[in-house]
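J.: Residue numbering for the sequence shown follows our numbering, beginning at 934 and increasing consecutively. For glycine and all other residues, C-beta sits at the position ideal for the given N, C-alpha and C. Predicted model only: the values in this text are computed from it and were never measured. Below: one structure in C-alpha cells.
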Amino acid sequence: MTTHTLKFLLATALLATACPAVALAQAPAQPYTPAVPPPSMVGGYGAYGYGGYDHASTAAQGAMDGMASVISARGDYNLATSAAAVNATQAQSMAIKNRQQYTDAYFSMKETNRVERAKLAGPRPTAQQIAHYAEEGVPRPMGPTEMDPLTGKLIWPAFLQTAEFNTQRAMLDPLLQKRAQQGSLSYAEQTTVRQTVDAMFAQMKKEIRDVPPPDYIASRSFLNSLLYAATKNELQ
934 MTTHTLKFLL ATALLATACP AVALAQAPAQ PYTPAVPPPS MVGGYGAYGY
984 GGYDHASTAA QGAMDGMASV ISARGDYNLA TSAAAVNATQ AQSMAIKNRQ
1034 QYTDAYFSMK ETNRVERAKL AGPRPTAQQI AHYAEEGVPR PMGPTEMDPL
1084 TGKLIWPAFL QTAEFNTQRA MLDPLLQKRA QQGSLSYAEQ TTVRQTVDAM
1134 FAQMKKEIRD VPPPDYIASR SFLNSLLYAA TKNELQ
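See the structure below:
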C-alpha cells in the first residue's frame, strides 16, 4: 500500500465519520429502506487481494492498519446509530398516521350511523304537531250520556255492565256521586278510583278476544274519561 493510497483512505473515513447527517440530508427522496452498515473494508492485506497475507510486513504498516480499522469501525458505528434514529423516526411517523386514520374512520362511521338513524326516524315533529299530540293524549270529559252532571250517576257501557265488573262498579258509583255533590274527592278516594279502574283494565285484557273491537274501544275510552273526571278538582 502506497502512502497516497493510505492518506486517501484515512481522509475518506474521517469525512464519513464527521458528516453522516450531511450525506443523509442530500440523498434524493425515495421510499425509505432501513440502512445496514456494510462490512468494513479495512483490514489485513488479504482483504485487498495481495496474495492472501493477513498481517503487516512492518510495525509502521501494522500501526497504520490498526488506526484505519478504528476509524472505519467508528464510521460504521455512526452509520448504524444514524440508521437506527431514522428507523425510529419512520416508525413513529407511521404510528401517528395509523392513529389519525383510526380516528378519522371512527368519526366517519359515527356520522354515517347518525345519518342513517335520522333517515329511519323520519322528520322531527313540528311545534304544532307536538301540541296536537298533547291535546289528543288528554282524556275527553264525560258527556251526559255517560254521567249525569248533577247526580254523578254513571251510565256504564254494555261491556262493563257484565258480572265480571260488578265489584268495581259498586265501588265507583258512590265515589262519582260524592264527587258530583262535593266537587272533588280526597287523595285516598282518588287513589281508590285509580286502583279500581286499573283492575277493570286488567279484566278487560283477559276478555279482549271475546269482545267486539268497537265495544272494547268504547269501554276503554269510558274508563279513561271516568278516571280523568274523578281525579281533577272542579272547585278551583
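Are the beta-carbon atoms belonging to Leu1118 and Leu1108 less than 8 angstroms from one another?
T.: Against the sequence shown, residue 1118 aligns to sequence position 185. Against the sequence shown, residue 1108 aligns to sequence position 175. Cβ distance < 8 angstroms, so Leu1118 and Leu1108 count as in contact.
J.: Do the CB positions of Asn1157 and Pro1082 come within less than 8 angstroms of each other?
T.: The count along the sequence shown starts at 1 and reaches residue 1157 at position 224. The count along the sequence shown starts at 1 and reaches residue 1082 at position 149. No. Outside cutoff.
J.: Whole angstroms are fine: how far does the CA of Asp1037 sit from the CA of Asn1020?
T.: Here residue 1020 refers to the residue found at position 87 when the sequence shown is read from its first residue. Here residue 1037 refers to the residue found at position 104 when the sequence shown is read from its first residue. One C-alpha to the other measures close to 26 angstroms.
J.: Mapping DSSP to helix, strand and coil, what is Ser1152?
T.: Here residue 1152 corresponds to residue number 219 of the sequence shown, with the count starting at 1. If DSSP states are grouped into helix, strand and coil, Ser1152 belongs with the helices.
J.: Report the residue from Ala1113, Gln1101, Tyr1149 whose alpha carbon sits nearest the alpha carbon of Asp1131.
T.: Stepping through the sequence shown from its first residue, residue 1131 is reached at position 198. Per the Cα distances, Gln1101.
J.: Got a sec, what are the start and stop residues for the alpha helix (DSSP H) Pro1107 sits in?
T.: Taking the sequence shown and counting its residues from 1, the one referred to as residue 1107 is at position 174. Run containing Pro1107: 1099-1115, per the alpha helix (DSSP H) assignment.
J.: So the alpha helix (DSSP H) Met1075 belongs to, where does it begin and stop?
T.: Translated into the one-based positions of the sequence shown, residue 1075 becomes position 142. Met1075 -> no alpha helix (DSSP H), and no H or E assigned at all.
J.: Expressed to the nearest angstrom, what Euclidean distance is found between the alpha-carbon atoms of Gln1123 and Lys1165?
T.: Taking the first residue of the sequence shown as 1, we reach residue 1123 at position 190. Taking the first residue of the sequence shown as 1, we reach residue 1165 at position 232. Gln1123 and Lys1165: Cα-Cα distance of roughly 9 angstroms.
J.: DSSP state of Leu1083, grouped into three classes?
T.: In the sequence shown, the residue the question calls residue 1083 occupies position 150. It is coil, neither helix nor strand.
J.: If you follow the alpha helix (DSSP H) that Asp1131 is in, where does it begin and where does it stop?
T.: Here residue 1131 corresponds to residue number 198 of the sequence shown, with the count starting at 1. Counting along the chain, the alpha helix (DSSP H) containing Asp1131 begins and ends at 1120-1139.
J.: Where does Ala1001 sit, in a helix, a strand or coil, going by DSSP?
T.: In the sequence shown, residue 1001 corresponds to position 68, counting from 1. Reduced to three states, the DSSP call for Ala1001 is helix.
J.: Look up Thr1059 in the DSSP assignment and say whether it is helix, strand or coil.
T.: For this step, residue 1059 is matched to residue 126 along the sequence shown. Of the three classes helix, strand and coil, the one that applies to Thr1059 here is coil, per DSSP.
J.: Between Thr1125 and Thr1059, what straight-line distance do the alpha-carbon atoms span, to the nearest angstrom?
T.: Residue 1125 sits at position 192 when you count from the first residue of the sequence shown. Residue 1059 sits at position 126 when you count from the first residue of the sequence shown. When rounded, the distance between both Cα atoms is 38 angstroms.
J.: Give the straight-line distance between the Cα atoms of Pro953 and Lys1030, rounded to the nearest whole angstrom.
T.: As a working mapping, residue 953 is identified with position 20 in the sequence shown. As a working mapping, residue 1030 is identified with position 97 in the sequence shown. Reliability of the predicted coordinates at Pro953 is poor, the pLDDT of 47 falling under 50, and no value is obtained from them.
J.: Does DSSP put Pro1147 in a helix, in a strand, or in coil?
T.: Within the sequence shown, numbered from 1, the residue matching residue 1147 stands at position 214. Looking at Pro1147 - three-state DSSP - the assignment turns out to be helix.
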